[in-house]
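Right, one structure below, let's go through it.
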């Protein structure tokens, strides 16, 4: 039985006119790939942003790596937001250098290897990259860090199938289950299902189903994709 | 330290165009005034040469307002917030390039104006008594320039604070910024006035002044309290750390 890398209890967050999270309780096991699935507006991104320290919770508790001090733990978390958060005026080489300067656990060598694998060139300007290329670059920058927790918010959204496959290949290829845990919010469950060890189903700020992917498949006799269809009906 | 330098370099790169354009505009303005020296009344070109000094504080307001607004607009605020850096480091990386820009351009402007009007300055200095020479000029220059720098810092930090407060709201951000900007000035004046009493024990700056009358020029010394300088610097330091704290820990993205 894996220990929990993240423990969330009674987590609440309200935005003007909407209760984004309604007292969520969940545990994310260490050394696994956890998928958070749910329709738009279900609270997935809000949950991930609170865990990553990007937004402030209204109520509840979030323990990361058994500690409760958010800002001091940023070194342990690599967060990939859904949107393009990179400086567009930079070249890829400058962005890699910026990450090398900012994160002590960042490996430039690993970034260069991944850039090569993902068909990206150091001299390319970020502003000139396509959406798929930006998504690949963001993932490379996250995977080049050796952090305990990788939080990926919709890493496959709006990406062409060929790029999706490459992204997932690198994600799985670089995943070190002995030292890392991945939390992935995604709509693209068809591609991602085979990699998920743990699945959390969310809707309207609540958790509908939460469990080990293999146990859920065995218990319900259905694939995760089929289960999603059933849960969200 | 390497991470802070990297952040500062990053900000400088974003200011490059503004620095180049401003320097060129100032150079063109000074060059234009030099060409008019012969044609205009004595001293007019010299006086007009300082006009850009009034625009630099406005540029500081623009830089401060945009310091985090551009990060929000480009979504790069995510990148700043996920860095394992403390709020004051991120804010310092924003402040240092803006202040360097202010310092560099204002000094450049003053130096250029003094250099190109050496003849006029020399004539003025010979027309007034010897005692009003270098010592008086230096005191006057240092005090005025210190006040000018403090004004720039104050405008920058208050504008930045106003934008950060406005970013807590989803609507009417510009209006909220303006209101907070005005109220902050009032509040700082009141708080500053109160703290001023606490620092009354600090020594005063002696400043020599000269008065011209039909009887001739008389010299006297007036004393300017150092407490207001100290108090405003303390308040600005507090505001800097408050802005840093708000950005790092309290503002949602």
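Protein chains in written order, with our numbering: chain A, 39 to 271; chain B, 363 to 615.
Every residue gets a Cβ at the ideal spot worked out from N, C-alpha and C, and that includes glycine.
Please classify residue i: does DSSP put it in a helix, a strand, or coil?
i	result
residue 438 of chain B	coil
residue 191 of chain A	strand
residue 583 of chain B	strand
residue 247 of chain A	strand
residue 226 of chain A	coil
residue 566 of chain B	strand
residue 116 of chain A	strand
residue 482 of chain B	helix
residue 576 of chain B	coil
residue 216 of chain A	coil
residue 540 of chain B	helix
residue 99 of chain A	strand
residue 72 of chain A	strand
residue 186 of chain A	coil
residue 533 of chain B	coil
residue 159 of chain A	coil
residue 141 of chain A	coil
residue 104 of chain A	coil
residue 615 of chain B	coil
residue 94 of chain A	coil
residue 413 of chain B	coil
residue 89 of chain A	helix
residue 130 of chain A	helix
residue 221 of chain A	strand
Taking the alpha helix (DSSP H) that residue i falls in, what are its first and last residues?
i	result
residue 469 of chain B	449 to 478
residue 47 of chain A	No alpha helix (DSSP H) contains residue 47 of chain A, which is instead part of the beta strand (DSSP E) from 42 to 53.
residue 260 of chain A	It is not in any alpha helix (DSSP H) - residue 260 of chain A carries neither H nor E in the DSSP assignment.
residue 393 of chain B	364 to 398
residue 593 of chain B	589 to 607
residue 407 of chain B	406 to 410
residue 124 of chain A	Element bounds for residue 124 of chain A: n/a, residue is neither H nor E.
Cα separation between residue i and residue j?
i	j	result
residue 458 of chain B	residue 215 of chain A	42 Å
residue 53 of chain A	residue 86 of chain A	15 Å
residue 46 of chain A	residue 63 of chain A	5 Å
residue 201 of chain A	residue 136 of chain A	25 Å
residue 416 of chain B	residue 378 of chain B	21 Å
residue 51 of chain A	residue 103 of chain A	22 Å
residue 131 of chain A	residue 154 of chain A	13 Å
residue 70 of chain A	residue 461 of chain B	47 Å
residue 228 of chain A	residue 73 of chain A	12 Å
residue 549 of chain B	residue 113 of chain A	38 Å
residue 366 of chain B	residue 96 of chain A	31 Å
residue 527 of chain B	residue 482 of chain B	48 Å
residue 80 of chain A	residue 551 of chain B	47 Å
residue 152 of chain A	residue 258 of chain A	38 Å
residue 105 of chain A	residue 472 of chain B	55 Å
residue 542 of chain B	residue 524 of chain B	5 Å
residue 176 of chain A	residue 207 of chain A	15 Å
residue 427 of chain B	residue 536 of chain B	10 Å
residue 245 of chain A	residue 443 of chain B	27 Å
residue 607 of chain B	residue 439 of chain B	15 Å
residue 198 of chain A	residue 92 of chain A	28 Å
Closest by CA to residue i, which one among the options?
i	options	result
residue 165 of chain A	A:183, A:114, A:124	A:124
residue 389 of chain B	B:438, B:469, B:404	B:469
residue 195 of chain A	A:128, A:173, A:41	A:173
residue 185 of chain A	A:117, A:60, A:256	A:117
residue 530 of chain B	B:434, B:403, B:384	B:434
residue 571 of chain B	B:425, B:559, B:584	B:584
residue 57 of chain A	A:241, A:141, A:268	A:241
residue 430 of chain B	B:485, B:539, B:600	B:539
residue 405 of chain B	B:534, B:511, B:475	B:475
residue 517 of chain B	B:368, B:402, B:594, B:611	B:594
residue 22 of chain A	A:217, A:192, A:210, A:237	Residue 22 of chain A lies beyond the range of chain A shown here (39 to 271); nothing can be said about it.
residue 561 of chain B	B:581, B:576, B:578, B:596	B:596
residue 392 of chain B	B:376, B:399, B:382, B:411	B:411
Between which two residues does the beta strand (DSSP E) harbouring residue i extend?
i	result
residue 180 of chain A	Not the beta strand (DSSP E): residue 180 of chain A falls in the alpha helix (DSSP H), residues 169 to 181.
residue 236 of chain A	236 to 241
residue 67 of chain A	56 to 67
Comparing the CB of residue i with every heavy atom of the ligand NAP, is any distance shorter than 7 Å?
i	result
residue 509 of chain B	Of the ligands one can find in the structure shown there are none, so the ligand NAP has no counterpart to examine.
message = Against chain B, which members of the segment 228 to 251 of chain A pass a CB distance test of less than 8 Å?
response = none
request  = Mind checking the segment 464 to 486 of chain B against chain A and listing, in chain order, the residues whose C-beta falls within less than 8 Å of any C-beta there?
outcome  = For the segment 464 to 486 of chain B, no residue has a beta-carbon sitting nearer than 8 Å to a beta-carbon of chain A.
task = Report the residues of the segment 132 to 158 of chain A with a CB closer than 9 Å to any CB of chain B, ordered along the chain.
result = Cβ contacts with chain B come from 132, 135, 136, 138, 139, 140, 141, 142.
Positions along the segment 48 to 70 of chain A whose CB lies within less than 7 Å of some CB in chain B = 54
key: Interface positions of the segment 423 to 439 of chain B facing chain A (Cβ-Cβ less than 9 Å), listed along the chain   = 436, 437, 438, 439
request  = Taking only beta carbons into account, state which residues of the segment 68 to 97 of chain A come closer than 8 Å to chain B, listed in chain order.
outcome  = Taking 8 Å as the Cβ-Cβ cut-off, the segment 68 to 97 of chain A approaches chain B at 87, 90, 91, 92, 93, 94, given in chain order.
request  = Determine which residues of the segment 118 to 129 of chain A have a Cβ less than 8 Å from any Cβ of chain B, and write them out in chain order.
outcome  = Within the segment 118 to 129 of chain A, the residues whose Cβ lies closer than 8 Å to some Cβ of chain B are 119, 121, 122, 123, 124, 125, 126, 127, listed in chain order.
key: Contact list for the segment 368 to 379 of chain B against chain A, Cβ threshold 7 Å   = Answer set for the segment 368 to 379 of chain B: 368, 372.
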